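Undergrad: For the sequence shown, the numbering used here assigns the number 2 to the initial residue and increments by one for each residue that follows.
Would you mind keeping the following structure in view while I ask a few things?
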Amino acid sequence: MGINTGGSFSSLKADIKFDPEHLDASTIEASIDVKTINTDNETRDHHLKSDSYFDAEKFPEITMKSVSFKHKSGDSYTGVFKLTIKDKTNQTEVPFTYSENGNTASFKGTLRIKRTDYGVGGKSLVMSNDVTITINVDTSK
Numbered sequence: 002m003g004i005n006t007g008g009s010f011s012s013l014k015a016d017i018k019f020d021p022e023h024l025d026a027s028t029i030e031a032s033i034d035v036k037t038i039n040t041d042n043e044t045r046d047h048h049l050k051s052d053s054y055f056d057a058e059k060f061p062e063i064t065m066k067s068v069s070f071k072h073k074s075g076d077s078y079t080g081v082f083k084l085t086i087k088d089k090t091n092q093t094e095v096p097f098t099y100s101e102n103g104n105t106a107s108f109k110g111t112l113r114i115k116r117t118d119y120g121v122g123g124k125s126l127v128m129s130n131d132v133t134i135t136i137n138v139d140t141s142k
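Below, the structure is given as structure tokens:
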């Protein structure tokens, strides 16, 4: 319907072994607790946790596991990840930037997925099938 709805998850757990000089040996595994979804609307959050959407009771985590990385230019990279939502796993490319500042490293990326590829929500005339996911992670090196 042309209405964008944002939200976030507050429970990221990640094992990051990323070295720009050794991309073949780099790995990232991450998960989030579906129950921590926050869209600033308690009723919507409860609905999103239901079996109609994320089914948080049966599938409590969303996970990403790296397959490979490529350097594009400067601080730009592309990662191929296995993304698992509910019981569906699909491979997806994630363009991201990686920067270092002292003892801190930052990852920033955006990817688009089709919610229906993961069994999230049913058929809808008003809800988009495309979902944009923004990832912002600051970590110690």
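Where is the CB? At the ideal position from N, CA and C, for every residue including glycine.
Since we're looking at a predicted model, the values are computed, not measured.
For Val95, which residues in the same chain have their Cβ closer than 6 Å to its Cβ, ignoring the five residues on either side in sequence?
TA: Counting only Cβ-Cβ distances below 6 Å, and skipping sequence neighbours, we find Gly80, Phe82, Gly110 and Leu112.
Undergrad: What's the call for Ala31, buried or exposed, on a 16-neighbour Cβ count within 10 Å?
TA: The residue in question, Ala31, is buried, as its Cβ has 16 or more Cβ neighbours within 10 Å.
Undergrad: Is Phe10 closer than 7 Å to Ile38 when the C-beta atoms are compared?
TA: Going by C-beta atoms, Ile38 is nearer than 7 Å to Phe10.
Undergrad: Is Asp34 near Ser12, with beta carbons less than 7 Å apart?
TA: A contact, by the Cβ cut-off of 7 Å.
Undergrad: Excluding the five sequence neighbours on either side, which residues of its own chain have a C-beta within less than 7 Å of the C-beta of Lys50, listed in chain order?
TA: Excluding residues within five positions, the ones whose Cβ falls inside 7 Å are Val35, Lys36, Ile38 and Ala57.
Undergrad: Using only alpha-carbon positions, find the residue among Thr64, Tyr99, Asp118 and Gly120 that is nearest to Val138.
TA: Minimum Cα distance to Val138 is reached at Tyr99.
Undergrad: In terms of alpha-carbon separation, which member of Ser141, Thr140 and Tyr119 lies closest to Asp131?
TA: Nearest C-alpha to Asp131: Tyr119.
Undergrad: Quick one: using the 10 Å Cβ neighbour count with 16 as the cut-off for buried, is Ser67 buried or exposed?
TA: The residue is buried, with at least 16 neighbouring Cβ atoms inside 10 Å.
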